[in-house]
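A quick write-up on the structure given underneath.
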């Protein structure tokens, strides 16, 4: 029997409302030829005027909405029901930082305009997540100093690049490459440590792996399936929602009830 989550009912209701809105928007698109509502619900950008209303295009947009529906359920349902464990100060701070990072990621994905200072603030929040993860994971994080250094370099570098772009200063290609490599190193080491730490569920780690791998898969798919309207690129960007799921589940798992040891078997 599946274990119940603290906020399962409201999460299901919100997910259900989104799915119903998705279906209604698809019907509107097919009957009136207006893709505006469906586009906004799934891509969250200004509609591409070159995209015509066809069954395949509507289907692609609906499929792009399904990861968002699943992410609503995974993110809003909260931790498992039951008595929460006693969390130390560092763990509580990590939960708050993870939720803050998830909120920032969500706003950056759905808002039509994301100012430069918000990008820098998001990088600063993730820099905090890097630091707190290192202290909470403790000995489970192999090469801890290297992992923390890579994470600080990655997100500090991303924030610095955004500032340089605003100042219209040239950004060398090698700086972006170094930040990207540092991000990969930090993420791989962190996911390995999460897998070894019993506080996180195995599914949470798999979501993190999928969030890491999906941009490469989408990039390859976009290369193979190019089109004049680029609807594939717009729709497949929805796989980025895996990062939202990983962030929120990582925070939920820290407050999950810990498995209780069973009674000892009587001596024979």
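Numbering (the numbering used here), first residue to last: 59 to 326.
Backbone N, C-alpha and C define an ideal beta-carbon position, used for all residues, glycine too.
Here the structure is a predicted model, which is why all the values come from computation and not from measurement.
Check                                                                                                                                                                                        : Outcome
Quick check on residue 213: buried or exposed, where buried means 16 or more other Cβ atoms within 10 Å of its Cβ?                                                                           : buried
Please work out which residues of its chain come closer than 7 Å, Cβ to Cβ, to residue 194, disregarding the five sequence neighbours upstream and downstream, and give them in chain order. : 148, 149 and 152
What residues in its chain sit with their C-beta under 6 Å from that of residue 45, if we drop five residues either side in the sequence?                                                    : As shown, the chain starts at 59 and ends at 326. That puts residue 45 outside it, with no answer to give.
Kindly list the residues whose CB is nearer than 6 Å to the CB of residue 104, restricted to its own chain and excluding five residues on each side of it in sequence; keep chain order.     : none
Is the Cβ-Cβ distance between residue 118 and residue 87 less than 9 Å?                                                                                                                      : no
Alpha carbon to alpha carbon, what distance is there between residue 84 and residue 177?                                                                                                     : 33 Å
Near residue 165, which residues of its chain fall below 6 Å by C-beta distance, leaving aside the five closest residues on each side in sequence?                                           : none
Would a C-beta distance cut-off of 9 Å place residue 297 and residue 272 closer than the cut-off?                                                                                            : yes
Report the three-state DSSP secondary structure of residue 169 (helix, strand or coil).                                                                                                      : coil
Check residue 190 in the structure and name its three-state DSSP category.                                                                                                                   : helix
Using the rule of at least 16 other Cβ atoms within 10 Å of the residue's Cβ for burial, across every protein chain shown, is residue 206 buried or exposed?                                 : buried
Output the boundary residues of the alpha helix (DSSP H) element that contains residue 62.                                                                                                   : It is not in any alpha helix (DSSP H) - residue 62 carries neither H nor E in the DSSP assignment.
The alpha helix (DSSP H) with residue 201 in it runs from where to where?                                                                                                                    : No alpha helix (DSSP H) contains residue 201, which DSSP labels as neither H nor E.
For chain B, find out if any of its Cβ atoms is closer than 9 Å to the Cβ of residue 202; answer yes or no.                                                                                  : You won't find chain B in this structure, because it holds only one protein chain.
If you draw a straight line from the alpha carbon of residue 106 to that of residue 98, how long is it in whole angstroms?                                                                   : 11 Å
Out of curiosity, what's the CA-to-CA distance linking residue 225 and residue 235?                                                                                                          : 20 Å
I need the DSSP call for residue 138, collapsed to helix, strand or coil.                                                                                                                    : strand
Who are the near neighbours of residue 161 in its chain, counting only those whose CB is closer than 8 Å to its CB and skipping five residues on each side?                                  : none
Buried or exposed: which applies to residue 94, given that a residue is buried once 16 or more other Cβ atoms fall within 10 Å of its Cβ?                                                    : exposed
Quick check on residue 99: does DSSP put it in helix, strand or coil?                                                                                                                        : helix
Here's a check: name, in chain order, each residue in its chain whose Cβ is nearer than 7 Å to the Cβ of residue 158, leaving out the five neighbours to either side.                        : 183
Taking a contact to mean a Cβ-Cβ separation below 9 Å, would you say residue 131 touches residue 69 in this structure?                                                                       : yes
Considering only the alpha carbon of each residue, which of 66, 124 and 189 lies closest to residue 135?                                                                                     : 66
Kindly give me the distance between the Cβ atoms of residue 216 and residue 181, rounded to whole angstroms, as I take these residues to be in contact under 8 Å.                            : 5 Å
Would you kindly report the start and end of the unbroken alpha helix (DSSP H) that includes residue 234?                                                                                    : 231 to 254
Rank 294, 309 and 276 by C-alpha distance to the C-alpha of residue 252 and give the top, closest one.                                                                                       : 309
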